[in-house]
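Reviewing the structure listed below.
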Amino acid sequence: DEINRASPRTQSALLEAMNEGQATIEGQRYPLEPPFLVLATQNPIEFQGTYPLPEAQLDRFLIELDLGYPDADTEVRILYDQQQTHPLERIGPVMTRQDVLAVQQHVRRVHVDESVARYMVEIVRRTRSDGRLKLGVSPRGSLMLFRAAQAAAFLDGRDFVLPDDVQRLLPYVLPHRMVLTSKTRYGNTTARQVIDELIEQVRVPT
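What follows is the structure in structure tokens.
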């Protein structure tokens, strides 16, 4: 919770866990048993006491979501959900470790046509030459987009990826991996707007 309130030293330890699947404590390495999944929240960067996350760490998160505020009906439901007990007290397991590992294997077998893979790579490569960006998306971003598209197809009950899967996921997989130039930021252009424009520029495979 609130990952950007963690000190740089703590973030460095988390980066090792996310990148290498291990933790080092006093020189002793401890492998992390799969599946090792990281779900993190962060406060807006303007809040006091926050540290910007390193690009290398951001690059290791599959997707980034901006939840915003709930609508009125949802907020009312939140009030009643916590009237007697906290919702976390009612949470129980829905999958075993073996279930998660099995699903991961199924997802990796979802077919991605080469034309769709090239479509992903073309959009990613254009971020690297876009003058509005100081840093484009790394090859890791291409890989994460590939895997996210496989997962989306699997959740939709398909064993193949469509270009629509890619377009639907681009705004969540790529923007947090991009660094805008100061001029772009001051011009009120967001990374997501850059992605939307690139989607319009790249021909969709048929």
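Residue numbers (the working numbering): 1062 to 1267. Backbone N, C-alpha and C fix where the C-beta goes; we use that ideal spot for every residue, glycine too. Source: prediction; values computed, not measured.
Selected residue, minimal CA-CA separation from residue i, among the options
{"i": "ARG1066", "options": "PHE1097, GLN1089, GLN1109", "result": "GLN1109"}
{"i": "LEU1231", "options": "GLN1143, VAL1185, MET1156, ALA1133", "result": "VAL1185"}
{"i": "ARG1121", "options": "MET1205, PRO1113, ARG1090, SER1190", "result": "MET1205"}
{"i": "ILE1152", "options": "ALA1074, ALA1178, ASP1142, ALA1163", "result": "ASP1142"}
{"i": "LEU1114", "options": "PRO1069, LEU1149, TYR1130, LEU1128", "result": "PRO1069"}
{"i": "ARG1179", "options": "GLY1088, THR1250, THR1267", "result": "THR1267"}
{"i": "THR1111", "options": "THR1146, LEU1140, GLU1087, THR1071", "result": "THR1071"}
{"i": "ASP1127", "options": "ASP1257, ARG1253, GLU1258", "result": "ARG1253"}
{"i": "GLU1087", "options": "GLY1248, ALA1074, GLU1081", "result": "ALA1074"}
{"i": "LEU1123", "options": "ASN1080, GLN1145, THR1157, ARG1246", "result": "ASN1080"}
{"i": "LEU1216", "options": "ASP1134, VAL1164, GLN1144", "result": "VAL1164"}
{"i": "THR1242", "options": "ARG1219, ARG1189, THR1146", "result": "ARG1189"}
Cβ-based neighbour list, residue i, same chain, cut-off 8 Å, excluding 5 preceding and 5 following
{"i": "ALA1078", "result": "ALA1084, LEU1093, PHE1097, VAL1099"}
{"i": "PRO1154", "result": "none"}
{"i": "PHE1221", "result": "VAL1171, HIS1172, VAL1173, ASP1174, ALA1214"}
{"i": "GLN1166", "result": "none"}
Opening and closing residue of the alpha helix (DSSP H) in which residue i lies
{"i": "THR1071", "result": "1069-1081"}
{"i": "LEU1162", "result": "1158-1169"}
{"i": "LEU1123", "result": "It is not in any alpha helix (DSSP H) - LEU1123 carries neither H nor E in the DSSP assignment."}
{"i": "GLN1140", "result": "The question names Gln, but residue 1140 is Leu in the sequence shown. Taken as a continuous stretch (DSSP letters only), the alpha helix (DSSP H) holding LEU1140 covers 1133-1142."}
{"i": "ARG1179", "result": "1175-1190"}
{"i": "THR1245", "result": "1243-1247"}
6 Å CB neighbourhood of residue i in its chain, flanking five on each side removed
{"i": "PRO1200", "result": "none"}
{"i": "ALA1269", "result": "Any property of residue 1269 remains undetermined from this structure, which presents the chain solely from 1062 to 1267."}
Beta-carbon separation (whole angstroms), residue i vs residue j, contact threshold 8 Å
{"i": "GLU1116", "j": "LEU1196", "result": "7 Å"}
{"i": "MET1239", "j": "PHE1207", "result": "No, MET1239 and PHE1207 are not in contact; Cβ-Cβ is about 18 Å, not under 8 Å."}
{"i": "PRO1095", "j": "LEU1149", "result": "Going by Cβ atoms, the distance from PRO1095 to LEU1149 rounds to 25 Å, so no, they are not a contact pair."}
{"i": "VAL1177", "j": "PRO1224", "result": "6 Å"}
Within 8 Å, strictly: CB atoms of residue i and residue j
{"i": "HIS1237", "j": "LEU1076", "result": "no"}
{"i": "GLN1187", "j": "VAL1263", "result": "The sequence shown places Arg at residue 1187, not Gln. Contact flag set, yes."}
{"i": "GLU1136", "j": "ASN1104", "result": "no"}
{"i": "LEU1194", "j": "VAL1255", "result": "yes"}
{"i": "VAL1337", "j": "ALA1212", "result": "The question about residue 1337 has no answer, for the chain in this structure spans 1062 to 1267."}
Residue range of the beta strand (DSSP E) that includes residue i
{"i": "ARG1253", "result": "It is not in any beta strand (DSSP E) - ARG1253 instead sits in the alpha helix (DSSP H) that spans 1252-1262."}
{"i": "PRO1092", "result": "1089-1092"}
{"i": "LEU1098", "result": "Element bounds for LEU1098: n/a, residue is neither H nor E."}
{"i": "LEU1206", "result": "Taken as a continuous stretch (DSSP letters only), LEU1206 belongs to no beta strand (DSSP E), being part of the alpha helix (DSSP H) at 1200-1216."}
{"i": "LEU1223", "result": "Premise fails: LEU1223 is in no beta strand (DSSP E) and is neither H nor E."}
{"i": "LEU1196", "result": "1194-1196"}
Same chain, Cβ closer than 7 Å to residue i, five either side skipped, listed in chain order
{"i": "ASP1191", "result": "GLY1197, VAL1255"}
{"i": "GLN1228", "result": "ILE1260"}
{"i": "TYR1091", "result": "GLN1083, ALA1084"}
{"i": "SER1203", "result": "MET1181, VAL1182, VAL1185"}
Cutoff 8 Å: residue i Cβ touching any chain D Cβ
{"i": "VAL1198", "result": "Judged by its chain identifiers, the structure shown contains no chain D, having just a single protein chain."}
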